[in-house]
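Visitor: Before I ask anything, let me first share the structure, which is written out below as structure tokens.
There are 2 protein chains.
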Amino acid sequence: MANRRATQADVAALAGVSPTAVSLVLAGRTGTRLSDTVQSRVHAAAAELGYRPNLTARALSTQRSHAIGLVSDQASVSPEASALIRGALRGARAHRMTVLTAETEGDPEIQREATEALVDRGVDGLIFVASRSRVITLPEAAMRTRLVLLNARIAEDRLAVLPDEHNGARSLVDLLAQAGHRDAVAVIGAGAPELEPDVTFTVKRRLEGLWEGFAAHGITPFATVPEAEWELSTGYDGMRALLARETRPKVVICLNDRLAFGASRAIHDAGLRIPEDVSIASFDDDVIAEYVQPQLTTVSLPYVRMGELAVELLMNDDSAPGEHLVDMPVHVRRSVRGLAPTEQG
Amino acid sequence: MANRRATQADVAALAGVSPTAVSLVLAGRTGTRLSDTVQSRVHAAAAELGYRPNLTARALSTQRSHAIGLVSDQASVSPEASALIRGALRGARAHRMTVLTAETEGDPEIQREATEALVDRGVDGLIFVASRSRVITLPEAAMRTRLVLLNARIAEDRLAVLPDEHNGARSLVDLLAQAGHRDAVAVIGAGAPELEPDVTFTVKRRLEGLWEGFAAHGITPFATVPEAEWELSTGYDGMRALLARETRPKVVICLNDRLAFGASRAIHDAGLRIPEDVSIASFDDDVIAEYVQPQLTTVSLPYVRMGELAVELLMNDDSAPGEHLVDMPVHVRRSVRGLAPTEQG
DNA sequence: GTTGCTTGCTAAGGCGCTTTAGCAAGAATT
DNA sequence: AATTCTTGCTAAAGCGCCTTAGCAAGCAAC
Numbered sequence: 001m002a003n004r005r006a007t008q009a010d011v012a013a014l015a016g017v018s019p020t021a022v023s024l025v026l027a028g029r030t031g032t033r034l035s036d037t038v039q040s041r042v043h044a045a046a047a048e049l050g051y052r053p054n055l056t057a058r059a060l061s062t063q064r065s066h067a068i069g070l071v072s073d074q075a076s077v078s079p080e081a082s083a084l085i086r087g088a089l090r091g092a093r094a095h096r097m098t099v100l101t102a103e104t105e106g107d108p109e110i111q112r113e114a115t116e117a118l119v120d121r122g123v124d125g126l127i128f129v130a131s132r133s134r135v136i137t138l139p140e141a142a143m144r145t146r147l148v149l150l151n152a153r154i155a156e157d158r159l160a161v162l163p164d165e166h167n168g169a170r171s172l173v174d175l176l177a178q179a180g181h182r183d184a185v186a187v188i189g190a191g192a193p194e195l196e197p198d199v200t201f202t203v204k205r206r207l208e209g210l211w212e213g214f215a216a217h218g219i220t221p222f223a224t225v226p227e228a229e230w231e232l233s234t235g236y237d238g239m240r241a242l243l244a245r246e247t248r249p250k251v252v253i254c255l256n257d258r259l260a261f262g263a264s265r266a267i268h269d270a271g272l273r274i275p276e277d278v279s280i281a282s283f284d285d286d287v288i289a290e291y292v293q294p295q296l297t298t299v300s301l302p303y304v305r306m307g308e309l310a311v312e313l314l315m316n317d318d319s320a321p322g323e324h325l326v327d328m329p330v331h332v333r334r335s336v337r338g339l340a341p342t343e344q345g
Numbered sequence: 001m002a003n004r005r006a007t008q009a010d011v012a013a014l015a016g017v018s019p020t021a022v023s024l025v026l027a028g029r030t031g032t033r034l035s036d037t038v039q040s041r042v043h044a045a046a047a048e049l050g051y052r053p054n055l056t057a058r059a060l061s062t063q064r065s066h067a068i069g070l071v072s073d074q075a076s077v078s079p080e081a082s083a084l085i086r087g088a089l090r091g092a093r094a095h096r097m098t099v100l101t102a103e104t105e106g107d108p109e110i111q112r113e114a115t116e117a118l119v120d121r122g123v124d125g126l127i128f129v130a131s132r133s134r135v136i137t138l139p140e141a142a143m144r145t146r147l148v149l150l151n152a153r154i155a156e157d158r159l160a161v162l163p164d165e166h167n168g169a170r171s172l173v174d175l176l177a178q179a180g181h182r183d184a185v186a187v188i189g190a191g192a193p194e195l196e197p198d199v200t201f202t203v204k205r206r207l208e209g210l211w212e213g214f215a216a217h218g219i220t221p222f223a224t225v226p227e228a229e230w231e232l233s234t235g236y237d238g239m240r241a242l243l244a245r246e247t248r249p250k251v252v253i254c255l256n257d258r259l260a261f262g263a264s265r266a267i268h269d270a271g272l273r274i275p276e277d278v279s280i281a282s283f284d285d286d287v288i289a290e291y292v293q294p295q296l297t298t299v300s301l302p303y304v305r306m307g308e309l310a311v312e313l314l315m316n317d318d319s320a321p322g323e324h325l326v327d328m329p330v331h332v333r334r335s336v337r338g339l340a341p342t343e344q345g
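Residue numbers (the UniProt record's numbering), protein chains in the order written: chain A, 1 to 345; chain B, 1 to 345.
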């Protein structure tokens, strides 16, 4: 029952033509002068045998695998980054590419092995994805290959897909200003960009966008509470510290959703209401943004789109080199007073 | 600079031996009577040229790709299921296998195409992963191939990896009983197994394990609140309903963490404390189990291990067919009175 | 001194596909 | 009637590897 897959030779034999003819016809080549008779005989035979091409053989022959390698650090651990992968898979499907996946779990040695294995398999290109936007280093084998960095940068000037943090942050401030929030604005997570030298380049851009917006709208950020770890507890503590001040903040921008989640709880515990007493907005559009009441207004990280774009850049031979930034749309939900939600809250 | 990769022929030329010799030596074949001289010349030449085998050619020649195809429904969407994939990737690495990934987004047509593409690439086996344990259907192309179902079953009796829901549930009840909780026990999410005909087979087993435990310990589940959708709000409402009863439940078993999350909030809102007033335990060990205060005692779904096992079964020619169940360990955290947490809470 | 075994290595075919060059027969040209 | 063009198709080589069969030389045996 488990009889051999039919090959082109089998089709040729059944159709009574040469293997060459089969190849030509099934490839849909134009300009070959094969008669209609032959064409239809080939198609019929192929259908009868359930012929499917052997992609390995084709790859060997054409030197193109129609496959791309995806090397992630620990992307499938974090929900955010699995969105990157989902986007890449979607993009790959659109380009009829197969994706070979490897996960390094952060180990450079594993990364090297995985990269080499993928290159040895003849992938047409590589995508390196980082779960947090980082400057990463790549194994040497990667550098000889067409590659795209997804949510990451390397020292060299290679194709990279990154979120447009600057404009995302800026447009959040614009929205807040437009809703009338121009004073008593606080930031939890970091201070002005010039005060934060040690921050990753993406966070830096996020801060620059915010402070550019503040400047443009004459906003003096009321109080900032820099915290190292962006976790629930720091958000909670940060918010409590803010609430203990003389003037209570009316808008709090948290640098990520976890901070906002903690801050929300602190606001709630203080007997205050969101957004009536305090408005809150944040970054990332993490799933937990929907677990808070009311749901968070947050600047979303467009991971899926980024993943798709990575594949597009990889496939397009004349992609402009360097960074490609993807819009970070503001998801307006109910946590900001004066803004009409764009989705059901 | 981007000069051709060295082939065995190049190595042979440099070493002054035949390509056959190179193949034999580099394959580490024993029993070939090649002299030490030849062996070392080959190794030296290979090293000098940085020779790496072309895996596509090898696959074509040996009819083994050393690759497995992973078809997920929407696994990389859900954090739980991305753990399945992580496990599979880990297992694949251990077996020096490459993983070709495809995502169907639930569309049977995409599933068929993806499966065929993977088979056309000559994968040595297929893993189908479902984000919720389900009975799934597979495209015909899959059935001719060696395959493992990960977190899923099909009608036919094929290799399948599933969580051991029955024993997981049973051991939770055992633990609760051991901690002295034998009355005022409530369940949120579903009723006794015989009352729930429409539930998926995994949930069925979970219920059977629970009720078996109840019977063994003489526990009469105090009240059950069946709800269709296992969401926060239903957990919240369910708990409120329970709290409105005459006798207040002392232990609540939620059938998943989201329910527990909602229930926790209801308990908190009612001015009660966990675990002093009400103990709570649930299933899944979702990330949100750590977002609740106190952190949830929950029966964990061993996704990573399941993923690893799937690869092991696939690679092992004489795996016993049928279902392979993986233990569901109870993660004891602080939400149950009388149980010492096994991890920091 | 033919036969036979061992040792050390290579020739060559095959995996299934693509692609280039080219063959044979008829049609068009001179 | 010989030459050149088309037309319609196929032979054959090549992608890079693995593997089987077998060759040549040296040695042992009869």
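We treat Cβ as the ideally placed atom computed from N, Cα and C, and that holds for glycine.
All figures in this text were calculated on a predicted structure; none of them were measured in a lab.
Answer yes or no: do V42 (chain A) and L26 (chain A) have a C-beta to C-beta separation smaller than 8 angstroms?
Guide: yes
Visitor: Does N54 (chain B) get closer than 8 angstroms to chain A when you measure Cβ to Cβ?
Guide: yes
Visitor: From this set, A:A83, A:R64, A:S65, A:T62, which residue's C-alpha is nearest S72 (chain A)'s C-alpha?
Guide: Per the Cα distances, A:A83.
Visitor: Determine the DSSP secondary structure at M1 (chain A), reduced to helix, strand or coil.
Guide: The pLDDT assigned to M1 (chain A) is 36, lower than 50, so where the model puts this residue is not dependable; a value taken from the coordinates is nonetheless given after this. Reduced to three states, the DSSP call for M1 (chain A) is coil.
Visitor: Got a sec, what are the start and stop residues for the alpha helix (DSSP H) F283 (chain A) sits in?
Guide: Not the alpha helix (DSSP H): F283 (chain A) falls in the beta strand (DSSP E), residues 279-284.
Visitor: Closer than 8 angstroms is the cut-off here; do at least three beta carbon pairs connect the stretch 307-324 of chain A with the stretch 152-165 of chain A?
Guide: yes
Visitor: What residues from chain A crowd round A59 (chain B), counting only those whose CB sits closer than 8 angstroms?
Guide: T56
Visitor: Per DSSP, S40 (chain A) is paired with what?
Guide: None; S40 (chain A) has no bridge partner.
Visitor: Which residue marks the beginning of the alpha helix (DSSP H) containing E109 (chain B), and which one marks its end?
Guide: Counting along the chain, the alpha helix (DSSP H) containing E109 (chain B) begins and ends at 108-120.
Visitor: Which one of B:V11, B:A281, B:R245 has the shortest CA to CA distance from D174 (chain B)?
Guide: It is B:A281.
Visitor: Given that a residue counts as buried once 16 or more other Cβ atoms are within 10 Å of its Cβ, and exposed if not, what is F201 (chain A)?
Guide: exposed
Visitor: What do you get for M1 (chain A), buried or exposed, if any count of 16 or more other CB atoms within 10 angstroms of its CB means buried?
Guide: Summary for M1 (chain A): the model assigns pLDDT 36, below 50, so the residue's position carries little reliability; its value from the coordinates is reported in the next sentence. Exposed, since its Cβ has fewer than 16 Cβ neighbours within 10 Å.
Visitor: Tell me whether the stretch 84-92 of chain A and the stretch 304-316 of chain A touch, counting them as touching only if at least three CB pairs, one residue from each stretch, are closer than 8 angstroms.
Guide: yes
Visitor: Which same chain residues end up closer than 7 angstroms to S233 (chain A) when comparing Cβ atoms and leaving out the 5 residues on each side of it in sequence?
Guide: G262
Visitor: Find the residues of chain A that neighbour A47 (chain B), judging by a C-beta separation of less than 9 angstroms, and give them in chain order.
Guide: Residues of chain A passing the Cβ test: none, with the nearest at roughly 15 angstroms.
Visitor: Which residues of the stretch 95-123 of chain A have a Cβ closer than 9 angstroms to any Cβ of chain B? Give them in chain order.
Guide: R96, T98, V99, L100, T101, A102, E103, E105, I110, E113, A114, E116, A117, L118, V119, D120, R121, G122
Visitor: For the stretch 247-263 of chain B and the stretch 178-188 of chain B, state whether three or more C-beta atom pairs, one from each stretch, are separated by less than 8 angstroms.
Guide: In this structure the stretch 247-263 of chain B touches the stretch 178-188 of chain B; the number of beta carbon pairs closer than 8 angstroms is three or more.
Visitor: Determine, for S65 (chain B), whether the minimum Cβ-Cβ distance to residues of chain A falls below 8 angstroms.
Guide: yes
Visitor: In chain A, which residues lie with their C-beta within 8 angstroms of the C-beta of L89 (chain B)?
Guide: S76, T101, A102, E103
Visitor: With which residues is G69 (chain B) paired in a DSSP beta bridge?
Guide: B:L100, B:L126
Visitor: Assess contact between the stretch 5-14 of chain B and the stretch 188-202 of chain A, defined as three or more Cβ pairs (one per stretch) separated by less than 8 angstroms. Is contact present?
Guide: With a cut-off of 8 angstroms, the stretch 188-202 of chain A and the stretch 5-14 of chain B do not count as touching, because too few Cβ pairs lie within range.
Visitor: Going by beta carbon distance, what residues of the same chain come within less than 7 angstroms of P193 (chain B), once the five residues before and after it are set aside?
Guide: In chain order, K204, L207, E208, W211 place their CB closer than 7 angstroms to the CB of P193 (chain B), counting only its own chain and leaving out the 5 sequence neighbours on each side.
Visitor: With respect to the beta strand (DSSP E) encompassing T297 (chain B), which residues constitute its N-terminal and C-terminal limits?
Guide: 297-300
Visitor: For the stretch 174-241 of chain A, list the beta strand (DSSP E) runs that are entirely contained and at least 3 residues long, ordered along the chain.
Guide: Uninterrupted beta strand (DSSP E) stretches at least 3 residues long and entirely within the stretch 174-241 of chain A occur at 185-189, 223-226, given in chain order.
Visitor: DSSP beta-bridge partners for L147 (chain A)?
Guide: Under DSSP, L147 (chain A) forms a beta bridge with A:L126.
Visitor: Keeping to the same chain, check which residues put their C-beta closer than 8 angstroms to that of N256 (chain B); ignore five residues upstream and five downstream.
Guide: G189, W230, S282, F283, D284, D286
Visitor: According to DSSP, simplified to helix, strand and coil, what is E105 (chain B)?
Guide: coil
Visitor: Below 6 angstroms CB to CB, which residues in the same chain sit around P221 (chain A) once its five sequence neighbours on both sides are set aside?
Guide: Within its own chain, the residues whose Cβ lies closer than 6 angstroms to the Cβ of P221 (chain A), once the five positions on either side in sequence are excluded, are V185, V187, F214, listed in chain order.
Visitor: If I follow the unbroken beta strand (DSSP E) through H324 (chain B), where does it start and stop?
Guide: 323-326
Visitor: Is the CB-CB distance between R146 (chain A) and D124 (chain A) below 8 angstroms?
Guide: yes
Visitor: Taking 8 angstroms as the limit between beta carbons, can you name the residues of its chain near V278 (chain A), skipping five residues before and five after?
Guide: Once the five neighbours on either side are set aside, the close Cβ partners of V278 (chain A) are R248, P249, K250, V251, V252, I267, L272.
Visitor: Using 8 angstroms as the threshold, is the C-beta distance between R333 (chain A) and E276 (chain A) below it?
Guide: no
Visitor: Would you mind stating whether L259 (chain A) and V148 (chain A) have Cβ atoms separated by less than 8 angstroms?
Guide: no
Visitor: Could you give the distance in angstroms between the alpha-carbon of P341 (chain A) and the alpha-carbon of H331 (chain A)?
Guide: Those two C-alpha atoms are separated by around 8 angstroms.
Visitor: Taking the alpha carbon of A152 (chain B) as the reference point, which residue from B:R132, B:T115, B:D107, B:I274 has its own alpha carbon closest?
Guide: B:R132
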